[in-house]
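Q: I'd like to ask some things about the structure below.
Residue numbers (the numbering used here): 313 to 662.
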């Protein structure tokens, strides 16, 4: 009886191991292709561009709620990134319960920079459903009249010259929405474990070329960095038209694309950096929300993505542990598994 159990476990371990190997090889191929393609989708500044010639004005809108840890550094980085007089920085506090607003007001007094506008947000309208940052953004956009608008999250740090580079690229490419991945910094161990996996999944599942193809329905957006031509933003209805949306960044990008405007999605590593989450609970809350809603509430797509992640990451460790227990008792099975692995690797990499 014990022999039959170990034989069954051995066969199961070999089958799971083979499945893991096949999926990992296919995924690594797709990831390699995505990495090579991503080089073509970096935000690069054309030569000879002058802000004063290309655009007259830009508003950076930073909606904040309980961001006392981030807000001063974020706003300071924006103001320090350029001396351009056409810049407006709108920091709108969405009724924070910490000292975010007080810190903003103190920063305004300390800086004495008339480009900085601090807004104490109003209460959300009764009998209306407003999710996330939508209400804060809608309030400010009733006042903004600039040529372009950059929506920035409080955990983003602009690089010196980042605004100029982004605007230069947007003007050259004639984009209506430029959204890009900043450099992602990982702080807590949970981020180091999860963020590389999530980014790899996005790279494989949401290819830059498909997102940027007007004929393809694939849509993606990076909420921490979204640069709009204001006229296009207003035409699609802005945040006010998406008040109840939780994943508003993708919803805005979808409206841009479906209404015939130009969406450009790429890498902005030279523009800004971001640390998205500072603890494992924050990370769990953020990605569990975005994973399903980002898939447009498609249960099959959500479960398929979760299955692929399970096969790629935790399952190999489980299979490896099982193999250490079972396969030494059945050297024949071990030899078969090893032969299959070598054959697959040689077939893939020749």
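By construction, the Cβ of each residue, glycine as well, lies at the ideal position given by its N, Cα and C atoms.
Bear in mind the structure is a predicted one, so any value in this text is a computation, not a measurement.
Out of 478, 590, 543 and 530, point me to the one whose CA is closest to residue 393's CA.
A: Residue mapping note: residue 393 aligns to position 81 of the chain shown, counting from 1. Among 478, 590, 543 and 530, the Cα nearest to that of residue 393 is on 478.
Q: Distance, Cα to Cα, residue 593 vs residue 503?
A: Position 281 of the chain shown, counted from the start, is the residue given in the question as residue 593. Position 191 of the chain shown, counted from the start, is the residue given in the question as residue 503. Going from the Cα of residue 593 to the Cα of residue 503 covers about 11 Å.
Q: Could you give the distance in angstroms between the alpha-carbon of residue 591 and the alpha-carbon of residue 399?
A: Position 279 of the chain shown, counted from the start, is the residue given in the question as residue 591. Position 87 of the chain shown, counted from the start, is the residue given in the question as residue 399. In a straight line, the C-alpha of residue 591 is about 33 Å away from that of residue 399.
Q: Measure from the alpha carbon of residue 412 to the alpha carbon of each residue in 436, 425, 564 and 375, then state which is nearest.
A: Within the chain shown, residue 412 is the residue found at index 100, counting from 1. The shortest Cα separation from residue 412 among 436, 425, 564 and 375 belongs to 375.
Q: Following the continuous beta strand (DSSP E) through residue 543, name the residue where it begins and the one where it ends.
A: The residue you call residue 543 lines up with position 231 of the chain shown. No beta strand (DSSP E) holds residue 543; the alpha helix (DSSP H) holding it covers 542-547.
Q: For residue 447, count the other beta carbons within 10 Å of its own beta carbon; 16 or more makes it buried, fewer makes it exposed. Which is it?
A: The residue labelled residue 447 in the question sits at position 135 within the chain shown. With 16 or more other Cβ atoms within 10 Å, it is buried.
Q: Classify residue 535 as buried or exposed, calling it buried when 16 or more other Cβ atoms lie within 10 Å of its own Cβ.
A: Walking along the chain shown from the start, residue 535 turns up at place 223. Classification for residue 535: buried.
Q: Please go through the region 472-500 and give each complete alpha helix (DSSP H) segment of 4 or more residues, from N-terminal end onward.
A: For the region 472-500, whole alpha helix (DSSP H) runs of length 4 or above, ordered along the chain, are 474-485.
Q: Could you compute how far the alpha carbon of residue 415 sits from the alpha carbon of residue 527?
A: Position 103 of the chain shown holds residue 415. Position 215 of the chain shown holds residue 527. Those two C-alpha atoms are separated by around 46 Å.
Q: Buried or exposed for residue 313, going by 16 or more other Cβ atoms inside 10 Å?
A: To locate residue 313, count along the chain shown from 1; it is residue 1. In this prediction, residue 313 has a pLDDT of 49, which is less than 50 and means its spatial position is unreliable; what the coordinates show is noted afterwards. Burial call: exposed.
Q: Measure the Cβ-Cβ separation of residue 550 and residue 353 and say whether it is below 8 Å.
A: If you number the chain shown from 1, residue 550 lands on position 238. If you number the chain shown from 1, residue 353 lands on position 41. The answer is no: Cβ separation not under 8 Å.
Q: Straight-line CA distance for residue 658 to residue 520?
A: Position 346 of the chain shown holds residue 658. Position 208 of the chain shown holds residue 520. The predicted model places residue 658 with a pLDDT of 48, which falls under 50 and marks its position as unreliable, so this point remains unresolved.
Q: Contact between the region 476-494 and the region 401-409: three or more CB pairs below 8 Å?
A: No: fewer than three Cβ pairs fall under 8 Å.
Q: Measuring CB to CB, does residue 453 end up less than 8 Å from residue 557?
A: Position 141 of the chain shown, counted from the start, is the residue given in the question as residue 453. Position 245 of the chain shown, counted from the start, is the residue given in the question as residue 557. It is not a contact, given that the beta carbons lie outside the stated cut-off.
Q: Taking residue 422 as part of the alpha helix (DSSP H), name the residues at either end of that continuous run.
A: Looking up residue 422 in the chain shown gives position 110. Segment 412-423, the alpha helix (DSSP H) holding residue 422.
Q: What separation, rounded to the nearest whole angstrom, lies between the Cα atoms of residue 662 and residue 511?
A: Counted from its first residue, the chain shown places residue 662 at position 350. Counted from its first residue, the chain shown places residue 511 at position 199. Unreliable placement is indicated for residue 662, whose pLDDT of 45 sits below 50; no coordinate value is reported for it.
Q: Spatial neighbours of residue 432 within its chain, please: CB distance less than 7 Å, with the 5 preceding and 5 following residues excluded, ordered by chain position.
A: Position 120 of the chain shown, counted from the start, is the residue given in the question as residue 432. Hits under 7 Å: 405 and 413.
Q: CB residue 471 to CB residue 582, shorter than 8 Å?
A: Along the chain shown, read from residue 1 onward, the residue named residue 471 stands at position 159. Along the chain shown, read from residue 1 onward, the residue named residue 582 stands at position 270. Their beta carbons are under 8 Å apart, which means residue 471 touches residue 582 by this criterion.
Q: Take residue 663 and list the residues in its own chain whose beta-carbon comes closer than 8 Å to its own, dropping the five residues that flank it on each side.
A: Outside the modelled stretch of the chain, which goes from 313 to 662, sits residue 663, for which no answer is possible.
Q: Taking Cβ positions, are residue 458 and residue 370 nearer each other than 8 Å?
A: The residue you call residue 458 lines up with position 146 of the chain shown. The residue you call residue 370 lines up with position 58 of the chain shown. Closer than 8 Å, so yes.
Q: Per DSSP, residue 375 forms a beta bridge with which residues?
A: If you number the chain shown from 1, residue 375 lands on position 63. DSSP, once it has assigned bridges, lists 404 as partnering residue 375.
Q: Secondary structure at residue 442, three-state DSSP: helix, strand or coil?
A: Position 130 of the chain shown, counted from the start, is the residue given in the question as residue 442. Three-state result, residue 442: coil.
Q: Does the separation of the CB atoms of residue 456 and residue 552 fall below 8 Å?
A: Locating residue 456 in the chain shown gives position 144, counting from the first residue. Locating residue 552 in the chain shown gives position 240, counting from the first residue. No, they are not a contact pair.
Q: Based on Cα-Cα distance, which residue from 429, 428, 449 and 430 lies nearest to residue 666?
A: Summary: the structure shown does not reach residue 666, with the chain confined to residues 313 through 662, and so no result is reported for it.
Q: Write down the C-beta distance between residue 434 and residue 418 rounded to the nearest angstrom, noting that I regard them as a contact closer than 8 Å.
A: Residue 434 sits at position 122 when you count from the first residue of the chain shown. Residue 418 sits at position 106 when you count from the first residue of the chain shown. With 8 Å as the limit, residue 434 and residue 418 do not qualify as a contact, their Cβ atoms being about 22 Å apart.
Q: On the CB-based measure, 16 or more other CB atoms within 10 Å of its CB, does residue 571 come out buried or exposed?
A: Counting from 1 along the chain shown, the entry for residue 571 is found at position 259. Burial call: exposed.
Q: Check for me: the alpha helix (DSSP H) holding residue 566 runs from which residue to which?
A: Locating residue 566 in the chain shown gives position 254, counting from the first residue. Residue 566 -> alpha helix (DSSP H) spans 560-570.
Q: What whole-angstrom Cβ distance do residue 554 and residue 460 have, given they're in contact under 8 Å?
A: The residue labelled residue 554 in the question sits at position 242 within the chain shown. The residue labelled residue 460 in the question sits at position 148 within the chain shown. Not quite, the Cβ-Cβ distance comes to about 20 Å (not below 8 Å), so this is no contact.
Q: Output needed for residue 474: all residues of its chain with C-beta closer than 6 Å, excluding positions within five of it in sequence on either side, in chain order.
A: On the chain shown, residue 474 is found 162 positions in, with the first residue counted as 1. Excluding positions up to five away in sequence, the list reads 393, 583 and 584.
Q: Return the CA-CA distance between residue 486 and residue 522, expressed in angstroms with no decimal places.
A: Counted from its first residue, the chain shown places residue 486 at position 174. Counted from its first residue, the chain shown places residue 522 at position 210. Rounded to the nearest angstrom, the two C-alpha atoms are 18 Å apart.
Q: Between residue 402 and residue 429, how many whole angstroms is the CB-CB distance? I'm expecting something under 8 Å.
A: Indexing the chain shown from 1 puts residue 402 at position 90. Indexing the chain shown from 1 puts residue 429 at position 117. Contact flag correct, Cβ pair sits at about 5 Å.
Q: Cα separation between residue 440 and residue 421?
A: Here residue 440 corresponds to residue number 128 of the chain shown, with the count starting at 1. Here residue 421 corresponds to residue number 109 of the chain shown, with the count starting at 1. Their backbone Cα atoms lie some 35 Å apart in a straight line.
Q: Could you check if residue 501 is buried or exposed, using at least 16 other CB atoms within 10 Å of its CB as the buried criterion?
A: For the purposes of this step, residue 501 is taken as residue 189 along the chain shown, with counting starting at 1. Its Cβ having fewer than 16 others within 10 Å, residue 501 is exposed.
Q: How big is the Cα-Cα spacing for residue 481 and residue 580?
A: Counting from one through the chain shown, the residue named residue 481 turns up at place 169. Counting from one through the chain shown, the residue named residue 580 turns up at place 268. Their Cα atoms are separated by approximately 11 Å.
Q: Please state whether the Cβ-Cβ distance between residue 463 and residue 373 is less than 8 Å.
A: Translated into positions along the chain shown, residue 463 becomes position 151. Translated into positions along the chain shown, residue 373 becomes position 61. It is a contact, given that the beta carbons lie within the stated cut-off.
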